[in-house]
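Peer 1:
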């Protein structure tokens, strides 16, 4: 995830994706809160936009 901030193109792409999905996220936010997975869903969304998972990054070290 740190490499993402060093790469302006990837960072801009991620921010644009967040803007696009912000409306959808607001619509389903109530349901996610009901099931207690709002934080996990947001983290998953950011990881998927970054193009790699923390597990993949951790295992490569």
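Numbering (my numbering), first residue to last: 254 to 314.
Beta carbons: idealized from backbone N, C-alpha and C, even for Gly.
If you run the structure through DSSP and keep just helix, strand and coil, what is residue 283?
Peer 2: Here residue 283 sits in helix by DSSP.
Peer 1: Report the rounded CA-to-CA distance for residue 298 versus residue 268, giving the unit in angstroms.
Peer 2: Distance between the alpha carbons of residue 298 and residue 268 is about 11 Å.
Peer 1: Would you mind stating whether residue 285 and residue 294 have Cβ atoms separated by less than 7 Å?
Peer 2: Yes, the Cβ-Cβ distance between residue 285 and residue 294 is below 7 Å.
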